[in-house]
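Below: one structure, written as C-alpha cells.
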Ligand SMILES: [Zn+2]
C-alpha cells in the first residue's frame, strides 16, 4: 500500500469541527434558505445553537408566495401568512424576530433572478453579520447536487456569496461607501432534504425535539390543513396531527434524535472539493 490519498468520500467525512456543534457558543451563524420553512430541517440544531448563546440569523430568499394548493389565496396573502408562520416558528426556537431577514424574491423563480443582484445582497448581509458559520442547501461536493428549483438556486447563490464576500474588490462599493469589510466565512453546515450519502456530521438534538416539534406545527399553510384550504386558526386536534407529522420525520442515530449535515471548513472556493485535515 502506498500513502496515496484515501478513496473519494473518505476525506470529506474526516473533517470535523474543532469543537462539537453541541458545545458551540459565542458564534454567529447565518442560515440561508429559499423558503420560509427550509430552516425546519435544522430546527433542532438552530434551537440548540440559540439556547447555547450563539447569534442565529435566518435569511430567506423568497417570500414563499406561490407554495399553496388553496385556490383562493393570492400571492400577497400567502406571503403574509408565510412570514407569520416563520416568525411563530422562530419564536418557538427562541430566535428573535429581528434575526429574520426575507429578501422577498418570488417563490419558484429564484434561479431566473439577476444572480449578481442576489449575490450582492447576500454579500452585504455576510459582511454585516460576519458569520462564523454558514448554513445552506448543499451545492454538492465534487459534483453538483440536484435540488428542486429554488433550493438549487439557493445552494449556489449562498456558496457564490460566501466566496464573493471575502474579496475586497468584489462589490467594493459596500466597503468604500457603506463602511463594511470583506469577510471570509470559515465553517459551513450544508443541509439536504435527505441523506444522499454526503453527511459527515450528525448533531444530537436531544433536549430540543419539543422545540422542533412545536416550531414545525406553525407551518399550517405548508404541512397542515391549510395546504388545500387555508384557515388562520386550526383545531387542537389538527395541531396535534401536525406535531405528530414533525415527530415522525425526526431521524435517529445510535438511539438519539439527530439532524445531519455536510460539515466543511476552509476556503469558500473549495466548498465542493475534497478536503484534507
Ligand atoms: Zn423550500
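In the working numbering, the protein residues as written are 3 to 279. In this text, a Cβ means the ideal position worked out from N, Cα and C, and glycines have one as well.
Does DSSP classify residue 261 as helix, strand or coil?
Counting from 1 along the chain shown, the entry for residue 261 is found at position 259. Residue 261: strand per DSSP, three-state reduction.
Neighbourhood of residue 240 by C-beta, 7 Å cutoff - its chain only, sequence neighbours within 5 removed:
Here residue 240 refers to the residue found at position 238 of the chain shown. Hits under 7 Å: 226, 227.
Can the beta-carbon of residue 167 be found less than 9 Å from the beta-carbon of residue 117?
Residue mapping note: residue 167 aligns to position 165 of the chain shown, counting from 1. Residue mapping note: residue 117 aligns to position 115 of the chain shown, counting from 1. No, Cβ-Cβ distance for residue 167 and residue 117 is not below 9 Å.
Tell me which same chain residues have a C-beta within less than 7 Å of the C-beta of residue 6, skipping the five on either side of it?
If you number the chain shown from 1, residue 6 lands on position 4. Because residue 6 carries a pLDDT of 40, less than 50, the predicted location of this residue cannot be relied on, and the following value inherits that uncertainty. Excluding positions up to five away in sequence, the list is empty.
Should residue 61 and residue 35 be called a contact, given that it needs their Cβ atoms to be closer than 9 Å?
As a working note, residue 61 is residue 59 in the chain shown. As a working note, residue 35 is residue 33 in the chain shown. Yes, the pair counts as a contact, with Cβ atoms nearer than the cut-off.
Between which two residues does the beta strand (DSSP E) containing residue 253 stretch?
Your numbering for residue 253 matches position 251 in the chain shown. That run of the beta strand (DSSP E) goes 253-255.
Just to be sure I understand the criterion: a residue counts if its Cβ is closer than 7 Å to at least one heavy atom of ligand 1. Which residues meet that?
Counting only residues whose CB is nearer than 7 Å to a non-hydrogen atom of ligand 1, the list in chain order is 35, 36, 37, 39, 40, 152, 153.
Put residue 267 into one of helix, strand or coil per three-state DSSP.
Counting from one through the chain shown, the residue named residue 267 turns up at place 265. DSSP places residue 267 within a strand segment (E or B) once states are collapsed to three.
Considering only C-alpha positions, which residue in the set 94, 207, 264 is nearest to residue 252?
Start at 1 with the first residue of the chain shown, and residue 252 comes out as number 250. The option with the nearest alpha carbon to residue 252 is 207.
Is the beta carbon of residue 92 closer than 9 Å to that of residue 156?
By 1-based counting over the chain shown, the position of residue 156 is 154. By 1-based counting over the chain shown, the position of residue 92 is 90. No. Outside cutoff.
6 Å Cβ shell around residue 200 - same chain, five flanking residues per side excluded
In the chain shown, residue 200 corresponds to position 198, counting from 1. Listed in chain order, the non-local C-beta contacts of residue 200 below 6 Å within the same chain comprise 143, 264, local neighbours out to five positions each way being set aside.
Can you give the Cα-Cα distance for residue 15 and residue 202, rounded to whole angstroms?
Counting from 1 along the chain shown, the entry for residue 15 is found at position 13. Counting from 1 along the chain shown, the entry for residue 202 is found at position 200. With a pLDDT of only 48 at residue 15, under 50, the local geometry of the prediction cannot be trusted, and no value is derived from it.
As assigned by DSSP and simplified to three states, the class of residue 204:
Working through the chain shown from its first residue, we reach residue 204 at position 202. Residue state, collapsed to three classes: strand.
If the criterion is Cβ atoms closer than 9 Å, does the pair residue 161 and residue 268 meet it?
What you label residue 161 is simply residue 159 of the chain shown in a count that begins at 1. What you label residue 268 is simply residue 266 of the chain shown in a count that begins at 1. It is not a contact, given that the beta carbons lie outside the stated cut-off.
Tell me whether the beta-carbon of residue 88 lies closer than 9 Å to the beta-carbon of residue 104.
The residue given as residue 88 occupies position 86 in the chain shown. The residue given as residue 104 occupies position 102 in the chain shown. It is a contact, given that the beta carbons lie within the stated cut-off.
Once you ignore the five residues that flank residue 112 on each side, which residues in its own chain have a CB closer than 8 Å to its CB?
The residue labelled residue 112 in the question sits at position 110 within the chain shown. 36, 63, 64, 120, 151, 152, 155, 156, 159.
Could you check whether residue 68 and residue 109 sit closer than 9 Å to each other, using their CB atoms as the reference points?
Your numbering for residue 109 matches position 107 in the chain shown. Your numbering for residue 68 matches position 66 in the chain shown. Yes. Within cutoff.
Along the chain, where does the alpha helix (DSSP H) that runs through residue 52 open and close?
Here the question's residue 52 lines up with position 50 in the chain shown. Element bounds for residue 52: 45-53.
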